[in-house]
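Enquirer: Provided herewith is a single structure, encoded as C-alpha cells, for subsequent inquiry.
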Amino acid sequence: MTSRIGVVTFPGTLDDRDSLRAARIAGAEAVPLWHRDKDLKQVDAVVLAGGFSYGDYLRAGAISRFSPVMETIIEQAKAGLPVLGICNGFQILTESHLLPGAMLRNNHLHFICRDQKLRVENAETAWTADYSAGQEISVPLKNIDGRYVADERTLDELEAEGRVAFRYLDGNPNGSLRDIAGITNAAGNVVGLMPHPEHAVEPLIGTGRTDGLGFFTSILKKLVSA
Amino acid sequence: MTIKTLDTVKHAGGTPEAEQPWKDLGLKEDEYARIREILGRRPTGAELAMYSVMWSEHCSYKSSKVHLRQFGEKAPASDAMLVGIGENAGVVDVGQGYAVTFKVESHNHPSYIEPYQGAATGVGGIVRDILAMGARPVAVVDPLRFGAADHPDTKRVLPGVVAGIGGYGNCLGLPNIGGEVVFDACYQGNPLVNAGCIGVMRHEDIHLAKASGPGNKVILYGARTGGDGIGGVSVLASETFESTGPAKRPAVQVGDPFQEKLLIECTLEIFGEKLVAGIQDLGGAGLSCATSELASAGSGGMRVELDTVPLRDATLSPEEILMSESQERMCAVVEPDKVARFMEICEKWDVIATVIGEVTEGDRLEIFWHGEQIVDVPPRSVAHDGPVYHRPYARPEWQDALQADDASKLPRPATAAELREQVLKLVASPNQASKAWITDQYDRFVQGNTVLAQPEDAGMVRIDEESNLGVAMATDGNGRYAKLDPYAGAQLALAEAYRNVAASGAKPLAVSDCLNFGSPEDPGVMWQFAEATRGLADGCLRLGTPVTGGNVSLYNQTGETAIHPTPVVAVLGVIDDVSRRTPIAFEEEGQLLYLLGDTREEFGGSAWSQVVHNHLGGLPPAVDLDREKLLGEILISASRDGMIDAAHDLSDGGLIQAVTESCLRGGKGARLVVPDGLDTFTFLFSESAGRAVVAVPRSEELRFTDMCGARGLPVTRIGVVDGEEIEVQGEFGIALGELRTAHEATIPGLLA
Amino acid sequence: MARVVVDVMLKPEILDPQGQAVQRALPRLGFDGIADVRQGKRFELEVAEPVDAAALARIHEMAETFLANTVIEDFIVKVEEA
Amino acid sequence: MARVVVDVMLKPEILDPQGQAVQRALPRLGFDGIADVRQGKRFELEVAEPVDAAALARIHEMAETFLANTVIEDFIVKVEEA
Ligand SMILES: Nc1ncnc2c1ncn2[C@@H]1O[C@H](COP(=O)(O)OP(=O)(O)O)[C@@H](O)[C@H]1O
Ligand SMILES: [Mg+2]
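Residue numbers (my numbering), protein chains in the order written: chain W, 302 to 527; chain F, 436 to 1187; chain E, 12 to 93; chain S, 12 to 93.
Here it is, written out as C-alpha cells:
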C-alpha cells in the first residue's frame, strides 16, 4: 500500500498544491488536510507547507499554531509522526515549540527569492535519509521572515546533537544564526527548513533542478520500511 | 449620527431647485444637466454620487473612448478570441479546452502618494478582475516606471512600490513572471505602476458580469466596507448629513492580501460548484460600478438594500458606501436555491457574505436605505451612457524639431578602448542594468508551474501538467520611442512584446495594453494618444493579435509637463509543450551565434544615445511588422524542432546588451565577429527592430540556416559561445566577471 | 541617556488587517471580551543628550517625516523616565 | 470601554535589523544624537468589561502565549486611562 502524505492548508497557505504534487511525484498518495479538522485522515506523515498563513499577521505561524489540526499534529508529532515544515511550516513548528528557536525578519528586511545552495548536515532524519551527510543541494528560497535565531545554549545543543539539519552555503541569505537553514527534533521525525524542496522536484519547472525530491523519497522509504 | 434629511427620490422630486455640489464632484454643467434630463428630475445625493464617479475619466473613458473603438473596428479575425473588449478582461482560447484571460491596469497616482499601498492595491485590483472572469489567477507581471534612478524621491517611491507589489502578490501565491523597470526623469513626479495578471479556466467556466433572472440574489462578499478612496464624496455627505463620527475619510486604500487570498480560494470553490449566475469584482467606483454594471449587462432590474452592507465604519453615509473603494470585495448574482451553499463556502473560508439585494423584473436600479428609496435610475445610463468627448488634438509644434535632432549626428566612439568603455557604461546604466535586486523580492516559484521568469524574454507558466501546455507573456513599452513618434512607438512596444514571446518559443495570440499618457486636455497629448492607439490597432491587425482589453491612465504629469507617452503592451502567447521553451542563456561552449534580421544605423531614442549623450531626438527604429511576424515564425519553428538552444530578442541596448545578458545568464563567454558591411559601433549598439540572436548547436546549423534562407529571413553568423569573456574580435574583450559586476552592482548601489 | 518612545498607529479610519487578524483569533484561543485590536509600531530611541524642548522638537519632526507615514499613520512622542 | 496596551519588544540580545536600519538612516536625514533605536510592536486592545485584576491576568496570559513570542520577545501590559 502506498504511504499517505498529508499536506495541511491553513487560510493563506500557498504551497499546499505544490507539496501535494511533490509527494505524488515521489510516489506517495497525497492527502489534503484542512486546518479546521482535527482528523489527520490516517496519513503516515504530514507536510506543513509554505505560504502566509493568516497573512503572517502578528508573527509568521503564530495564529496557525492554535488551529484544531495543529492540536492533533503537535500531539502525534511528539509520539513520532513524521512532520516536515517548509518555510511557513517551519515557522509554525517553532511557534508550536515542536522545534526550538524562532524566525525573525531577514536582516536586510526584504523578501528574498532565489536559488539557494544548502549543505545537508544530518542525513539521518526521517526526511533526509536519501541524502548523504555533507551533500550540497540547491533549492529555491523565498521568504521575508527567514532569520533563524535561538539563544546560544540552544544553538550549542543543536550543534552538539547534530540537529542542525541544513546550513546555507555561498552566503547567508538572511542573517540566520550559524547559517542555519533547517533543524530537526531529537527524534528526527520533525524537520523544519526555510528553503522549498517542493519547488525543486521537476526538471522543467522553477530552477530546473530536482534536488528537493529527496525529502519526499526519504520519507516514503522510511514509511515503507517501518 | 443624526440624519438631517435623507435625500430620497421622493425628496428630490419635490425639491427641484436644491443646490447640488456637482462641480465639486468633477461633473461639468452639461453633464449635470444630462443627468437631470435622464431622470426627469434632479438626482438624489446618492444618484449624483454614482453618476459623478461612473462618468469620471477613470471609469467612463470619456476622452479615450472614440480612439479605443479602433481596437474593435480593426480587430484581426482570430479564432482564439472567446470574450472581447468590454468585459472585465478578454478571454482567449489556448487549446485543449483551456481559456486564458489577462489584463494590465495602472495604479499610477495612488502609488506616488503612498507607494507601498498604492502598488499593493494595484495588484489586488487586477487579480480580482481576472478572478471575476471565472479564472484561477496563475501569474502576475508588473511594468514599472520611475523618475531618474539617482533622484532622492526615487529612493522613496521605488522600494515602496516594489515592496508593495511583492508584499501583496507574494502573499496571494501568484508567481511574478515578468514586467519592466524603466527610469526616466519624465516620470519623476508621476511614476507608472502598471500591473497585469493572467488567469486560466476551462472554456465552460467563463463567467460574465451580468445580473439576470429576476429573483436571483445579489451577494456582496469579502471585506467590510470602509471609507476608502471617497475623499470627493464627503462634499456630499456634509451637505445632507450631520456627521458626528470621524469626518476624515482616508485618501489612500490599504490592502489586505490575506483577505484577497481567501477571496480567491473561496470564489474558485464557488465557481467549481457552479453557484453563480453573474459576478463582478469591486474596484474603482465600488458598489456604484458593480451594481450598475451587473444590472445593465442583464435585463436591467435590480434592487439593493444598502443598509445591509457590512461596514467597517458605522458613520458612513449611503453616498459614501456607494462610492467606497474598499479593497477585497466581490459581488455575485446567485439563484435563490444556491444561496445557502454559497454562504457555506464563504463561511469555510472565513469570508463575510451578505445578501444585499436581488434582481428584479423591471429595468431600474433601485437602492434603498432603511426602507427609503435613494436611487432609481436606468443602470445603463450610469454604467455606459457617460459622456463621450471628441477632444481636440494636434501634433505638437516641437515634434518636428525633436525629430530633426538626429541621433546619428552624435559623436561615436573612435577607438576600441572607447567602445569597450561605452559597452561597460551601457550595461551598467540603470535602465540596462540587472533588475535582480527588484525581482528577487518577488516569488517566482509559487504554484510550481513557472517555466520561465525574470530575466527571461517572456514569463512562461505551465497550465496543464499532463500535456505540458503553457502560456507566455511579455510586457513592453518604450516611452522614448513613443515621444519621438507615438504611432511608431506603440508599434515598437507591440513588436517587442511579440518578439519576446516568440523568442521564448510561444506563439503570440492576443494583446492587452495600458496606455499611460498626460492630460487629455492638452491637444498635444491627445495627439500622442490618438497616434499611439492608431499605431497599436494597425499593428495588431497586421500581426493578427487582437486587443482583448486594457486600461487607460491619463493626467500623468507634473504641473504642465506630461510624461513621455507610454503605451505599455502585453502580448500573450501559447506553447503546446513547455519542454520546448527557449531560454536566453548561452550555456554550451561551441554553439554558434546567429543574428536574425537586418541591422541599420538606428540610434534615435536608443539606450546608447541616452547613456552616453543624454540625448533624445531623431526617429525611432523603423517598424516592419511583416518582418516581426516572420522572425516570430522562425523562432517558434526553431524551438519546436529543437534547432536552437537559446534565443534573445534585441531591443534597447542593441546586440551587445542582449549578448551580455545571455552570457551572464549561462555563465559562458562569447567570441563575436563583426559581420561584413557593418561597423563595430553599429553592430553593437544599433536598435534596429525585428532582430534576435540565437545559439545554434553545430549539428543543427545547416537545418537552421536553410530554414531561414528558405523563408527569406536574413541570418548572419556572428560568433560562437566560448570562454570567459565577451570578445569582439580584433577590437576588445571584457571578462564576464567585469561585465557581471558592472551589470549587477548598479541597482543595489542606488537603492540598497 | 534618556529614552524617548514614539508610538505609531494606523489612523483610525485606515484598515488594520493585522489588528483584525489578531482580534479574530482571540475568541478561538479562549479570550473573549476584546472589542477591538489595533496593531502599531513602537520605537524606542536612546537619546545621548538631555531631552530638552529643542531635542523633543527634533524628535517630533523625525517622527513626522520618517518614523510615521502620516498619509496613513498617527504618532505620539513620549519621554520615558530613565 | 477601557484600553489596555501591550508593548512587545525584541529581547535586548536579539539583533533588531529594523531598528538598526532606522538608526542608520537618521544621520543622513540630519538627525544626530540618537544612540540606539529598537523597533517593536504596540497592541491597543479595547476591552469591553472593566479591567479588574482577573481581566488583567487574562490579558497578561494572552500576551505571554500569543501576542509575544517569549523565545525572542519581552512584553509589558499597561492599562491606559480612558
Ligand atoms: N487601452 C485599452 N484597450 C482596450 N480596451 C480597453 C482599454 N482600456 C480599457 N479597455 C476596456 O474597457 C473596459 C473597461 O475597462 P476598466 O474600467 O479598466 O475595467 P474595470 O472596470 O474592470 O477596471 C474593459 O473591458 C477594458 O478591457
Ligand atoms: Mg473589472
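The C-beta atom is built at its ideal place from N, Cα and C for all residues, glycine as well.
Note that the coordinates shown come from a computational prediction; the quantities given were computed from them, not determined experimentally.
Any Cβ of chain E within less than 8 Å of the Cβ of S:Q31?
Expert: Along the fourth sequence, one-based indexing puts residue 31 of chain S at 20. No, no contact with chain E.
Enquirer: Could you confirm whether any beta carbon from chain E is found closer than 8 Å to the beta carbon of S:K52?
Expert: Position 41 of the fourth sequence, counted from the first residue, corresponds to residue 52 of chain S. Closer than 8 Å: yes.
Enquirer: Would W:H411 pass as an interface residue toward chain F - the criterion being a Cβ-Cβ separation below 8 Å?
Expert: As a position in the first sequence, residue 411 of chain W is number 110, starting the count at 1. Answer yes: the Cβ-Cβ gap between W:H411 and chain F drops below 8 Å somewhere.
Enquirer: In chain F, which residues lie less than 9 Å from W:C388 when you measure between Cβ atoms?
Expert: What you label residue 388 of chain W is simply residue 87 of the first sequence in a count that begins at 1. Those do not exist, as W:C388 stays about 10 Å from chain F at its closest Cβ, beyond 9 Å.
Enquirer: Roughly how many angstroms lie between the CA atoms of F:G797 and F:S731, to the nearest whole one?
Expert: Here residue 797 of chain F corresponds to residue number 362 of the second sequence, with the count starting at 1. Here residue 731 of chain F corresponds to residue number 296 of the second sequence, with the count starting at 1. Approximately 11 Å, taken between the alpha carbons.
Enquirer: Compute the Euclidean distance between the alpha carbons of F:G984 and W:I375, then round it to the nearest angstrom.
Expert: Your numbering for residue 984 of chain F matches position 549 in the second sequence. Your numbering for residue 375 of chain W matches position 74 in the first sequence. Roughly 50 Å between the two C-alpha positions.
Enquirer: For S:V90, decide whether its Cβ has a neighbour in chain B, counting only Cβ atoms nearer than 8 Å.
Expert: Among the protein chains in the structure shown, which are W, F, E and S, there is no chain B.
Enquirer: Output, in sequence order along the chain, the residues in the segment 725 to 754 of chain F whose CB is closer than 8 Å to any CB in chain E.
Expert: Hits within the stretch, in order: R747 and D748.
Enquirer: Give the list of continuous beta strand (DSSP E) stretches no shorter than 3 residues that lie fully inside the segment 681 to 768 of chain F.
Expert: Those beta strand (DSSP E) runs which fall completely within the segment 681 to 768 of chain F and span 3+ residues are 713 to 716 and 737 to 740.
Enquirer: Measuring only the C-alpha atoms, how far is F:E782 from F:N935?
Expert: In the second sequence, counting from the first residue as 1, residue 782 of chain F sits at position 347. In the second sequence, counting from the first residue as 1, residue 935 of chain F sits at position 500. C-alpha separation (whole angstroms): 44 Å.
Enquirer: Do you know how far the Cα of F:W804 is from the Cα of F:L655?
Expert: For the purposes of this step, residue 655 of chain F is taken as residue 220 along the second sequence, with counting starting at 1. For the purposes of this step, residue 804 of chain F is taken as residue 369 along the second sequence, with counting starting at 1. Going by the C-alpha atoms only, they are around 16 Å apart.
Enquirer: Starting from W:Y449 and walking both ways along the alpha helix (DSSP H), at which residues does that stretch end?
Expert: The sequence position of residue 449 of chain W within the first sequence is 148, counting from 1. That residue, W:Y449, is in no alpha helix (DSSP H); its beta strand (DSSP E) goes R448 to V450.
Enquirer: Please list the partners that F:P692 has in chain W, where partner means a Cβ-to-Cβ separation under 8 Å.
Expert: Position 257 of the second sequence, counted from the start, is the residue given in the question as residue 692 of chain F. Result: F353 and G356.
Enquirer: Look up F:S988 in the DSSP assignment and say whether it is helix, strand or coil.
Expert: Reading the second sequence from its first residue, position 553 is the one you call residue 988 of chain F. Three-state result, F:S988: strand.
Enquirer: What residues of chain E sit near W:I364, judged by a beta carbon separation below 7 Å?
Expert: Taking the first sequence and counting its residues from 1, one reaches residue 364 of chain W at position 63. Those within 7 Å of W:I364 in chain E are A32 and A36.
Enquirer: What residues in its chain sit with their C-beta under 7 Å from that of W:F315, if we drop five residues either side in the sequence?
Expert: For the purposes of this step, residue 315 of chain W is taken as residue 14 along the first sequence, with counting starting at 1. The question names Phe, but residue 315 of chain W in the sequence shown is Leu. Contacts found: G351, G352 and F353.
Enquirer: Nearest by alpha-carbon distance to W:A461: which of W:P504, W:A487, W:I445 and W:N475 is it?
Expert: One-based indexing of the first sequence puts residue 461 of chain W at position 160. Per the Cα distances, W:A487.
Enquirer: Going by DSSP, which residues form a beta bridge with F:T993?
Expert: Taking the first residue of the second sequence as 1, we reach residue 993 of chain F at position 558. F:T996.
Enquirer: Using CA atoms only, rank isn't needed, just tell me which of F:R764, F:G608 and F:W872 is closest to W:G356.
Expert: Counting from 1 along the first sequence, the entry for residue 356 of chain W is found at position 55. For W:G356, the nearest C-alpha among the options comes from F:G608.
Enquirer: Taking only runs that begin and end inside the segment 1045 to 1084 of chain F, name each unbroken alpha helix (DSSP H) of 4 or more residues, in chain order.
Expert: Qualifying alpha helix (DSSP H) stretches, in chain order: 1060 to 1075.
Enquirer: Quick one: which chain S residues come within Cβ less than 8 Å of W:R360?
Expert: Translated into the one-based positions of the first sequence, residue 360 of chain W becomes position 59. Simply N80.
Enquirer: Which residues bound the beta strand (DSSP E) around F:Y1029?
Expert: Along the second sequence, read from residue 1 onward, the residue named residue 1029 of chain F stands at position 594. It spans L1027 to L1031 - the beta strand (DSSP E) in which F:Y1029 sits, taken as one unbroken run.
Enquirer: Hey, F:D878 and W:K418: beta-carbon distance below 8 Å or not?
Expert: For this step, residue 878 of chain F is matched to residue 443 along the second sequence. For this step, residue 418 of chain W is matched to residue 117 along the first sequence. No. Outside cutoff.
Enquirer: Just by C-beta distance, which residues in the segment 60 to 84 of chain S are closer than 8 Å to chain W?
Expert: If the cut-off is 8 Å between Cβ atoms, the segment 60 to 84 of chain S has F77, L78, N80, V82 and I83 near chain W.
Enquirer: Residue ranges of each alpha helix (DSSP H) run of no fewer than 4 residues wholly in the segment 13 to 74 of chain S, ordered along the chain?
Expert: Counting only runs of 4 or more, we get 28 to 39 and 64 to 73.
Enquirer: Could you tell me if F:L432 is buried or exposed, where buried requires 16 or more neighbouring beta carbons within 10 angstroms of its beta carbon?
Expert: The displayed coordinates of chain F run from 436 to 1187. Any statement about residue 432 of chain F would go beyond what the structure contains.
Enquirer: According to a CB-to-CB cut-off of less than 9 Å, which residues of the segment 17 to 31 of chain E neighbour chain W?
Expert: Listed in sequence order: P28, Q29, G30 and Q31.
Enquirer: Decide yes or no for the touch test of the segment 518 to 526 of chain F against the segment 535 to 548 of chain F: beta carbon pairs closer than 8 Å, at least 3 of them.
Expert: Taking 8 Å as the limit for Cβ pairs, the verdict is that the segment 535 to 548 of chain F does touch the segment 518 to 526 of chain F.
Enquirer: My output table needs one value for W:F517: the three-state DSSP class, helix, strand or coil.
Expert: Numbered from its first residue, the first sequence carries residue 517 of chain W at position 216. W:F517: helix per DSSP, three-state reduction.
Enquirer: Going by CA-CA distance only, name the one from F:S752, F:A788, F:Y1029 and F:E793 that's closest to F:P771.
Expert: Residue numbering aside, residue 771 of chain F sits at position 336 when the second sequence is read from its first letter. That would be F:E793, whose Cα lies nearest to the Cα of F:P771.
Enquirer: Between F:G604, F:S1097, F:I600 and F:N986, which lies nearest to F:D1157 when the distance is taken from Cα to Cα?
Expert: Here the question's residue 1157 of chain F lines up with position 722 in the second sequence. Measuring from the Cα of F:D1157, the nearest candidate turns out to be F:S1097.
Enquirer: Mind checking the segment 443 to 454 of chain W against chain F and listing, in chain order, the residues whose C-beta falls within less than 7 Å of any C-beta there?
Expert: Within the segment 443 to 454 of chain W, the qualifying residues are K443.
Enquirer: Who are the neighbours of W:L315 on chain F, taking C-beta pairs under 7 Å?
Expert: To locate residue 315 of chain W, count along the first sequence from 1; it is residue 14. In chain order: G608 and V881.
Enquirer: F:P1002: which of F:F1021, F:Q963 and F:L978 sits nearest, CA to CA?
Expert: The residue labelled residue 1002 of chain F in the question sits at position 567 within the second sequence. With distances taken between Cα atoms, F:P1002 lies closest to F:Q963.
Enquirer: Does DSSP classify F:G657 as helix, strand or coil?
Expert: Counted from its first residue, the second sequence places residue 657 of chain F at position 222. Reduced to three states, the DSSP call for F:G657 is strand.
Enquirer: Can you tell me which of F:L1148, F:E1037 and F:A1130 puts its alpha carbon nearest to the alpha carbon of F:L1066?
Expert: As a first step, residue 1066 of chain F must be located in the second sequence, where it is residue number 631. Selected option, being the one with the closest Cα: F:L1148.
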